[in-house]
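J.: Dropping a structure here in structure tokens format, bear with me for questions.
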Amino acid sequence: MMSADKEMELAALIILAATGLVIYRAVKWVMNAPRTADPWGPEVEGLANDDRAVPLCHHCFTPQEHNGWFCPECGCTVGPYCNYMPYVYIFSQGEVLRSGTMGSLRKGPLILAGYVLFSIAMFLEAAPFLLLAPVYWFLLFVNSKRTANTLDTAAEIGEGPI
Numbered sequence: 000m001m002s003a004d005k006e007m008e009l010a011a012l013i014i015l016a017a018t019g020l021v022i023y024r025a026v027k028w029v030m031n032a033p034r035t036a037d038p039w040g041p042e043v044e045g046l047a048n049d050d051r052a053v054p055l056c057h058h059c060f061t062p063q064e065h066n067g068w069f070c071p072e073c074g075c076t077v078g079p080y081c082n083y084m085p086y087v088y089i090f091s092q093g094e095v096l097r098s099g100t101m102g103s104l105r106k107g108p109l110i111l112a113g114y115v116l117f118s119i120a121m122f123l124e125a126a127p128f129l130l131l132a133p134v135y136w137f138l139l140f141v142n143s144k145r146t147a148n149t150l151d152t153a154a155e156i157g158e159g160p161i
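Once you know that position 82 of the sequence shown is 81 in numbering that gives the first Met the number 0, the rest is easy, because the numbers rise by one and skip nothing.
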């Protein structure tokens with residue numbers, strides 16, 4: 000007869016082995032899956048890779064024909080490496096946090112959880128501002144309710160998501 004401790008160890012090993020097998024099978028399934036075609040098609044890829052193509056601001060869609068880090072029209076951070084630059088990435092993070100309180104949010108608990116976790120990380124980084132986190136969360140949830148009502152009303156009218 001096995002003791003209770005040995006049974007617990009054996010059960011834990013069996014669960015660990017089963018979990019490992021499931022993860023292994025999932026990884027093999029994804030690796031062996033057939034590759035799908037490019038969803039954009041060759042004409043869109045050709046236009047995007049054209050030498051005359053001009054990048055656009057993700058916020059206001061203004062053509063960015065300069066080599067700056069900020070859009071001259073709306074002030075958003077633009078550029079291929081802005082999120083990697085030691086000083087400029089702070090402005091990108093600020094845009095994300097600001098869009099949670101003032102922009103239009105998609106409705107969903109995962110999105111709200113992401114905003115809350117990101118704000119915790121940012122407020123912990125700047126410890127003196129940690130006391131402002133509840134204020135940010137209040138504004139975030141007020142904005143999510145406002146945005147959810149706006150999206151629901153637009154869907155009822157038939158305009159679709161804003």
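Just so you know, even glycine gets a beta-carbon here, dropped at the ideal spot from N, CA and C.
Assuming contact is defined by CB atoms lying nearer than 9 Å, are residue 131 and residue 122 in contact in what I supplied?
T.: Residue 131 is a Cβ neighbour of residue 122, given a cutoff of 9 Å.
J.: Give a yes or no on whether the C-beta atoms belonging to residue 60 and residue 90 are separated by under 9 Å.
T.: Contact flag unset, no.
J.: If we ignore side chains and look at the alpha-carbon of each, how far apart do residue 44 and residue 128 end up?
T.: 44 Å
J.: Specify the secondary structure class of residue 140 as computed by DSSP and reduced to three states.
T.: Correct three-state label for residue 140: helix.
J.: So what's residue 35 in DSSP terms, helix, strand or just coil?
T.: Coil at residue 35, not helix or strand.
J.: At the level of alpha carbons, what is the spacing between residue 7 and residue 25?
T.: 27 Å
J.: Please return the same chain residues whose Cβ sits closer than 7 Å to the Cβ of residue 99, not counting the five positions on each side in sequence.
T.: 114, 139 and 142
J.: Tell me where the alpha helix (DSSP H) around residue 117 begins and ends.
T.: 108 to 124
J.: How far does the alpha helix (DSSP H) with residue 91 in it reach, from first residue to last?
T.: 88 to 101
J.: What number of angstroms, rounded off, separates the C-alpha of residue 33 from the C-alpha of residue 27?
T.: 12 Å
J.: Whole angstroms is fine: what's the gap from residue 18's alpha carbon to residue 58's?
T.: 43 Å
J.: To the nearest angstrom, how far is it from the Cα of residue 76 to the Cα of residue 126?
T.: 25 Å
J.: Distance check for residue 9 and residue 136, CA to CA, integer angstroms please.
T.: 45 Å
J.: Within this structure, are the beta carbons of residue 54 and residue 41 separated by less than 9 Å?
T.: no
J.: Along the chain, where does the alpha helix (DSSP H) containing residue 23 start, and where does it finish?
T.: Per DSSP, residue 23 belongs to the alpha helix (DSSP H) from 3 to 30.
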